[in-house]
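Those letters in the sequence shown? Residues -6 to 393, by my numbering. Don't be surprised by glycine CBs; every beta carbon is placed ideally from N, CA and C.
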Amino acid sequence: MIREESQLALNGAEPVRKKMLPYGRQSVNDTDISAVIEVLNSDFLTTGSKIGEFESAVCKFTGAKNAVAVNSGTAALHAAMFALKIENGDEVIIPPITFAATANCVLYQGGTPIFADVDAGTLLIDPAKVDALITPRTKAVIAVDYAGQPCDYEQLRAICDKHGLALVADACHSIGATYQERNVGTLADLTCLSFHPVKHITTGEGGMTLTDNVKLADRMRRFRNHNISADSRQREEAGSWYYEIVDLGYNYRITDFQCALGMSQLSKLKDWVIKRQKIARQYDDVFESSDLLRPLSLKSNRTNAYHLYVIALNLDSLRVDRKVIFSALRAEGIGVNVHYIPVHMHPFYQDKLGTYNGQCPISEAAYEEIISLPMFPLMGDDDVDSVIEAVQKVVETYAK
Ligand SMILES: *Cc1c(COP(=O)(O)O)cnc(C)c1O
């Protein structure tokens, strides 16, 4: 097919879609809403029984032994860093292809995030790069299951064990995925989840940290509530007004009505992951054979929960850069996005940590090529077809 630039919506032609399809959106139905209303009519809006119920439900889903629910994924990461006693002078190794919260949680505790470059095919943290960055100050590694595919946990575990480091999973993209038949939530010492509306299940804002270690869980429970040494129920049982602040804490509490929403959402998660995987296969079937772009590579020993579906443009075969392709897709009504600007390239980290452009060349090259396509369970076949049609129309128009 001959493609003319004049046929692009960017140049005034009819768009593939009239109404913009977002890259992600929540699915909330009447059952979810009833669950929230029930709690709103009850005695406890916060610090009630729904929090423990939601934590138990996520433990059951993942196989993790303990869970601590908090009011964002960022707070979940911060709680993990606190539990591990990260402090001034400590180094924590993270990938640059992630949301800034992965770096900020280290900085909140006074530690230093150290950026290890990613694998070019998967954009997951490269275990060999992690190994090369370990110093006597290294305390932990945060592996980010980018787009929904679990990291190389076997290699990362071996490196962490050899050097006595904690392994943390930023699994904000990957609940419902597996690695060597083991669930996300059981692959690291601590696993952090986000329940933001674009993520797999939502509580509006919210997050959770999972761990098999009871001591770490207890530390995080105190941390989310100002590091008060006894919760209100324990005090009530003791018939006492007494409590102690044992360390600097925060108010990272999640509400009961959010947890009711979370539980209702969780009952649908398994089907939603299957739906996301089905959409990914529809995309893969078309895009795997393209000379102009490629999907991220998949590893055979794991499943992908597909928070995102990311394509990388083959810029050598195109006449324009990612910015033009991105704008052209938006003009066609496809709500594409870019995940992420490598964290070490932001001015704050360059000023504060001395990071620089050129530091993580694989992440930086990937950043020039990547685009996230719409991916959420409520997408119908027509929606998927419209994305494929628009992508093919745009890249073929700009092919060399
Ligand atoms: C969403 C996300 C976070 C932060 O979660 P919030 O709930 O938005 O605070 C952290 N890391 C990654 C990789 C994320 O995608």
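Report all residues from its chain with a CB closer than 6 Å to the CB of residue i; omit the five preceding and five following residues, and keep chain order.
i	result
Glu325	Ala2, Pro8, Val9, Ala383
Phe108	Pro89, His337, Cys353
Glu237	Ser222
Ile127	His156
Arg18	Phe369
Gln148	Pro120
Rank the options by C-alpha distance to the C-alpha of residue i and give the top, closest one.
i	options	result
Tyr16	Asn350, Thr390, Phe341, Ile304	Ile304
Ile363	Leu371, Asp344, Ile318, Arg323	Ile318
Lys271	Ala298, Thr248, Asp314	Ala298
Val313	Arg295, Leu262, Glu389	Glu389
Ser20	Leu262, Gln385, Lys316	Leu262
Val331	Leu117, Glu361, Tyr245, Asp119	Glu361
Thr40	Asn64, Leu117, Asn22, Asp23	Asn64
Leu254	Leu116, Glu48, Arg(-4)	Glu48
Ser356	Thr115, Gly242, Ser27	Thr115
Asn176	Glu198, Phe188, Tyr146	Tyr146
Ser394	His300, Arg(-4), Asp25, Cys144	Because the chain here runs from -6 to 393, residue 394 falls outside it and cannot be looked at.
Lys132	Ser290, Gln102, Gly351	Gln102
Leu77	Ile168, Phe188, Arg212, Glu198	Arg212
Asp278	Gln385, Ala72, Leu158, Asp23	Gln385
Val99	Val123, Asp124, Ile135	Ile135
His300	Arg323, His166, Gly351	His166
Ser320	Glu230, Asn22, Leu289, Val387	Val387
Apart from the five residues on each side of it in sequence, which residues of its chain come closer than 8 Å, Cβ to Cβ, to residue i?
i	result
Asn4	Glu(-2)
Pro479	The structure shown does not extend to residue 479, since the chain is modelled only from -6 to 393, so the question has no answer here.
Leu14	Gly326, Ile327, Gly328, Pro367, Met372, Asp376, Ser379, Val380
Val207	Lys58, Asn59
Met256	Ala28, Lys43, Glu46, Phe47, Ala50
Glu31	Ala253
Arg295	Gln142, Pro143, Ala170, Thr171, Tyr172, Gln173
Asn81	Gly103, Gly104
Arg315	Leu306, Leu308, Val331, Glu361, Glu362, Ile363, Ile364
Thr184	Thr55, Ala57, Val161, Ala162, Ala164, Val177, Gly178, Thr202, Leu203, Thr204
Looking only at its own chain, which residues have a Cβ that is under 7 Å from the Cβ of residue i, when we skip the five neighbours before and after it?
i	result
Leu259	Ala50, Val51, Phe54, Ile194
Ser42	none
Phe92	Tyr333
Phe37	Asp249
Pro370	Ser20, Trp265, Lys268, Arg269
Asp112	Asp119
Asp240	Asn220
Ala121	none
Ile247	Ile44, Ala62, Val63, Asn64, Thr196, Gly199
Measuring from the CB of residue i, is there a heavy atom of ligand 1 at a distance below 6 Å?
i	result
Asp163	yes
Ser65	yes
Phe92	yes
His337	no
Ser167	no
Gly17	no
His219	no
His71	no
Ser365	no
His193	no
Val137	yes
Ser187	yes
Thr95	yes
Gly200	yes
I believe residue i touches residue j by the beta-carbon criterion, under 8 Å. Please report the beta-carbon distance rounded to the nearest angstrom.
i	j	result
Tyr342	Tyr302	28 Å between Cβ atoms; not a contact.
Gly200	Gly66	4 Å
Leu203	Gly178	5 Å
Cys153	Thr196	Going by Cβ atoms, the distance from Cys153 to Thr196 rounds to 30 Å, so no, they are not a contact pair.
Glu83	Arg150	Note that residue 83 is Asp in the sequence shown, not Glu. With 8 Å as the limit, Asp83 and Arg150 do not qualify as a contact, their Cβ atoms being about 20 Å apart.
Tyr245	Arg217	4 Å
Ala210	Ala181	Their Cβ separation, rounded to whole angstroms, is 14 Å, which puts Ala210 and Ala181 out of contact at 8 Å.
Ala94	Leu70	6 Å
Leu311	Leu346	Leu311 to Leu346, Cβ: 34 Å. No contact.
So, does the CB of residue i fall closer than 7 Å to a CB anywhere in chain C?
i	result
Cys165	Given the protein chain composition of this structure (a single chain), no chain C is represented.
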